[in-house]
Amino acid sequence: MIEIRFGPQVCGDLTSAAAREWLVPDGLGGYAMGTVAGLRARRYHGLLVVPGETPASRKVGLASLDPTVIMPSGARARLGAHEWASGDVDPRGFELLERFDLTDGLPRWRWRIGEVVIERELAMLPGRSCVAVVHRLVSGGPVELELAAAGTWRDAHGERRADGPPLRMEPVDGGAVIDGAYRLSGPGWTPQGHWWRGAHHREEATRGLPAAEDLWYAGRFHDVLRRPGDTVSVLAWAHDPAPAPPPAPEVVAAARRRNRAVVAAAKPDDDVEATLALAADAFVVRTNDAPVDVVAGYPWFGAWSRDTMISYEGLFLGTGRADLGRELLRSYAATLSEGMLANTADTGRVEYNTVDGTLWFLHAVNRHVVRTADTDLGAELLPALRGVVDAHLAGTRYGIAVDPADGLITQGGPPDVALTWMDARVHGVPVTPRVGKPVEVNALWVSGLAGLVELAELTGGDAGELPRLHERARAAFRDRFPAPTGWLYDVVDGPAPAYPLGRAARHDDDLLRPNQLLAWSLPYAPLEPDEPALRRVRAGLSTPLGPRSLSPDSPGFAGRHRGGPADRDGAYHQGTVWPWWTGPLVDAHRRAGLPTDDLLVGLEGHLTEYGLGSVSETADGLAPHAATGCPFQAWSVAELLRVRRP
Numbered sequence: 004m005i006e007i008r009f010g011p012q013v014c015g016d017l018t019s020a021a022a023r024e025w026l027v028p029d030g031l032g033g034y035a036m037g038t039v040a041g042l043r044a045r046r047y048h049g050l051l052v053v054p055g056e057t058p059a060s061r062k063v064g065l066a067s068l069d070p071t072v073i074m075p076s077g078a079r080a081r082l083g084a085h086e087w088a089s090g091d092v093d094p095r096g097f098e099l100l101e102r103f104d105l106t107d108g109l110p111r112w113r114w115r116i117g118e119v120v121i122e123r124e125l126a127m128l129p130g131r132s133c134v135a136v137v138h139r140l141v142s143g144g145p146v147e148l149e150l151a152a153a154g155t156w157r158d159a160h161g162e163r164r165a166d167g168p169p170l171r172m173e174p175v176d177g178g179a180v181i182d183g184a185y186r187l188s189g190p191g192w193t194p195q196g197h198w199w200r201g202a203h204h205r206e207e208a209t210r211g212l213p214a215a216e217d218l219w220y221a222g223r224f225h226d227v228l229r230r231p232g233d234t235v236s237v238l239a240w241a242h243d244p245a246p247a248p249p250p251a252p253e254v255v256a257a258a259r260r261r262n263r264a265v266v267a268a269a270k271p272d273d274d275v276e277a278t279l280a281l282a283a284d285a286f287v288v289r290t291n292d293a294p295v296d297v298v299a300g301y302p303w304f305g306a307w308s309r310d311t312m313i314s315y316e317g318l319f320l321g322t323g324r325a326d327l328g329r330e331l332l333r334s335y336a337a338t339l340s341e342g343m344l345a346n347t348a349d350t351g352r353v354e355y356n357t358v359d360g361t362l363w364f365l366h367a368v369n370r371h372v373v374r375t376a377d378t379d380l381g382a383e384l385l386p387a388l389r390g391v392v393d394a395h396l397a398g399t400r401y402g403i404a405v406d407p408a409d410g411l412i413t414q415g416g417p418p419d420v421a422l423t424w425m426d427a428r429v430h431g432v433p434v435t436p437r438v439g440k441p442v443e444v445n446a447l448w449v450s451g452l453a454g455l456v457e458l459a460e461l462t463g464g465d466a467g468e469l470p471r472l473h474e475r476a477r478a479a480f481r482d483r484f485p486a487p488t489g490w491l492y493d494v495v496d497g498p499a500p501a502y503p504l505g506r507a508a509r510h511d512d513d514l515l516r517p518n519q520l521l522a523w524s525l526p527y528a529p530l531e532p533d534e535p536a537l538r539r540v541r542a543g544l545s546t547p548l549g550p551r552s553l554s555p556d557s558p559g560f561a562g563r564h565r566g567g568p569a570d571r572d573g574a575y576h577q578g579t580v581w582p583w584w585t586g587p588l589v590d591a592h593r594r595a596g597l598p599t600d601d602l603l604v605g606l607e608g609h610l611t612e613y614g615l616g617s618v619s620e621t622a623d624g625l626a627p628h629a630a631t632g633c634p635f636q637a638w639s640v641a642e643l644l645r646v647r648r649p
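Quick note: the sequence shown uses the working numbering, first residue 4, plus one each step.
In structure tokens:
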């Protein structure tokens with residue numbers, strides 16, 4: 004994989020080191036996550052974050068494990084890092100870091116105190132909410148090592164304060180059970196049991212969210228490192244009746260072997276693809292006894308059907324996981340209702356509130372069958388997929404229906420609903436409602452119909468009316484979406500701005516957005532590549548990290564995805580960069596015979612600068628296009644991996 008390594012110039016600078024984040028997933032939707040500096044910069048950071056009934060319902064357990072090296076002279080070197088509400092940063096262990104590296108996806112820190120060098124490695128036990136932290140004496144010694152365990156037990160999206168009840172601590176051999184939820188185990192345990200008040204999360208402050216919490220100092224572990232090679236290890240795991248996990252060094256070694264096997268199974272062509280293959284692995288999860296699913300992004304998203312289906316080809320077919328993908332597609336097919344795919348939202352409720360998620364499902368099934376020759380699955384799912392078409396012809400929820408006048412899909416719904424991927428709302432009002440016939444929805448519809456015709460042929464079925472529906476929709480698309488501007492309309496037949504929904508006046512929206520890329524990039528795209536149009540799109544939208552969601556010269560453009568929730572949501576689809584759109588951009592260029600190598604350079608460099616080894620959700624629309632949103636995002640990783648392996 005690509006080398007991800009930082010020396011003292013990055014590690015010792017808090018601004019730089021705290022802006023680079025690492026992630027170690029557990030395969031269930033939980034994780035360990037933090038920064039190069041060791042500073043907890045987000046409410047979501049912790050060494051043991053445990054998934055609940057859904058991946059999004061996570062709980063933060065062990066927050067930090069702060070090392071202190073005690074020299075023979077009695078001098079103490081504190082290697083942890085905390086920022087406090089007072090503005091103080093104490094301790095400042097990052098100033099003693101001589102190196103941080105991410106090897107086989109696992110973080111490793113190396114501190115130097117004179118001739119004494121201490122390394123820390125961290126891993127999670129795959130398939131279990133368990134973290135192992137191993138400290139090793141590299142040189143010098145003997146020294147004593149104390150490890151102060153601070154934690155909480157709360158929803159990952161919130162905070163816990165000292166004015167509430169204290170955390171319960173039940174003593175057990177070698178440690179304690181905290182609040183009946185997770186267990187700590189290691190050498191020389193001494194319980195404490197009081198609050199550290201006013202821990203500050205700088206990233207939450209930047210996002211306009213509550214930024215302070217109190218941490219429960221549960222106790223400390225203690226041991227002696229006598230000679231190089233000696234280790235002191237701590238385990239923390241969700242408290243359950245299962246046997247205790249293996250020793251921490253075995254957990255680290257097993258995680259390293261597994262990660263190497265994941266990369267090998269993907270058969271990468273180069274170091275970048277190897278890195279992306281392991282990044283993709285983080286998003287494929289199985290919570291409890293549920294079917295396999297996809298986490299849309301870490302640290303705060305759960306499973307979203309639209310994200311899952313857009314990510315499907317890259318995450319599953321691009322990494323040697325077709326068998327797991329088959330299971331996922333079958334489980335999602337079981338959620339179809341009135342021709343719509345369930346959107347398992349982060350709230351935990353099953354909702355049917357997207358116009359495009361179902362169409363992306365048609366795309367994912369077609370790609371699976373075509374690329375794997377799994378015609379058995381195609382034959383099994385084809386009746387359900389034809390049911391999707393029938394439901395759209397008849398009309399389904401939110402005014403989603405095929406317009407009998409032209410065979411294209413239109414969508415309306417209540418004024419507080421946004422049904423496309425541009426679904427941000429501010430104070431309950433959609434920022435980009437896109438009522439009418441969105442361009443990417445209808446590109447997916449045209450391509451999806453053609454894909455169903457192909458599935459019918461591959462499985463020996465009767466395509467019936469599908470070819471006629473496809474030809475009619477394709478002809479209407481070609482007639483309606485080209486705009487006088489030289490690119491495609493973003494929405495046609497929408498309500499005129501001066502009229503309320505439902506009035507007769509109609510409006511075609513010609514704002515320059517990336518949605519039109521699907522009209523040229525999909526396998527059965529409705530339009531042939533248009534080089535002049537693509538050049539206009541690229542000129543207006545391209546950045547090093549992918550296309551903007553709106554061109555800078557458009558009304559309403561927001562160049563910074565910053566501030567509080569309303570500010571960020573208002574900018575989310577109004578100029579913010581979305582790396583996942585690089586996939587359709589590259590596909591469209593390839594179909595047009597245009598060069599593509601330069602479209603990926605910025606994203607490949609990005610793998611070492613924000614979410615380490617991964618790709619962010621979003622970035623600012625204005626230079627220098629600093630990354631924003633989730634540092635680890637499924638569709639961003641999946642689409643970069645997919646287009647690197649055409």
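A virtual CB, placed ideally from N, CA and C, is assigned to each residue, including glycine.
Nearest Cα to D379 within the set A387, G328, L461 and P168: L461. In this structure, A84 and R95 form a Cβ contact; the two beta carbons are roughly 6 Å apart against a cut-off of 8 Å.
No residue range can be given for Y527, since it is assigned to no alpha helix (DSSP H) and is classified by DSSP as neither H nor E.
In this structure, the beta-carbon distance from L388 to L491 does not fall below 9 Å. In the structure shown, D104 adopts extended strand secondary structure according to DSSP, grouped into three states. DSSP, reduced to helix, strand and coil, places T38 within a strand of the structure shown.
According to the DSSP secondary-structure assignment, D226 is paired through a beta bridge with L148. DSSP places G497 inside the beta strand (DSSP E), whose first and last residues are V494 to P498. A straight line joining the alpha-carbon of A239 with that of T155 spans about 13 Å.
The count of Cβ pairs closer than 8 Å, one atom from the region 180-194 and one from the region 536-556, stays below three, leaving the stretches out of contact. Annotated as distal: L148 and G232, with beta-carbon spacing of 9 Å or more.
Scanning its chain for C-beta atoms nearer than 6 Å, with the 5 sequence neighbours on each side dropped, one finds around G37 the residues H48, in chain order. A241 and G305 have their alpha carbons spaced roughly 20 Å apart.
Judged by DSSP in its simplified three-state form, H576 adopts coil rather than helix or strand.
When rounded, the separation of the alpha-carbon atoms in L187 and L50 is 12 Å.
By the 16-neighbour rule on beta-carbons within 10 angstroms, V432 is exposed. Contact annotation: the region 391-400 does not touch the region 481-498, with fewer than three C-beta pairs closer than 8 Å. E173 is bridged by DSSP to V180. In the three-state scheme derived from DSSP, where H, G and I count as helix and E and B as strand, Y355 is classed as coil. A561 and R374 have their alpha carbons spaced roughly 40 Å apart.
Judged by their CB atoms, S450 and L544 are not nearer to each other than the 9 Å cut-off. For I121, the enclosing beta strand (DSSP E) stretches over residues V119 to M127. In this structure, the CA atom of V13 is about 56 Å from the CA atom of A459. Here the alpha carbon of G616 sits roughly 12 Å from the alpha carbon of L644. Residue pairing by DSSP puts V137 in a beta bridge opposite E124 and S236. For the set G143, A283, G321 and R471, the Cα lying nearest the Cα of F635 is the one of A283. The three-state reading of DSSP puts F97 in helix, counting H, G and I together. Here the region 602-621 makes contact with the region 584-594; the two share three or more CB pairs at distances below 8 Å. The straight-line gap separating the alpha-carbon atoms of T234 and S142 is approximately 12 Å.
The residues P145 and V146, in chain order, have a CB closer than 8 Å to that of P75 in the same chain once the five nearest residues on each side in sequence are set aside. Rounded to whole angstroms, P252 and T71 show a C-alpha spacing of 20 Å. In the three-state reduction of the DSSP assignment, D158 falls in the strand class. Between G390 and I403, the C-beta spacing is not below 9 Å. For W199, the enclosing beta strand (DSSP E) stretches over residues T193 to H203. E531 counts as exposed, since fewer than 16 other C-beta atoms from the protein chains shown sit within 10 angstroms of its C-beta. Note on geometry: alpha-carbon atoms of T311 and W581 lie some 16 Å from one another.
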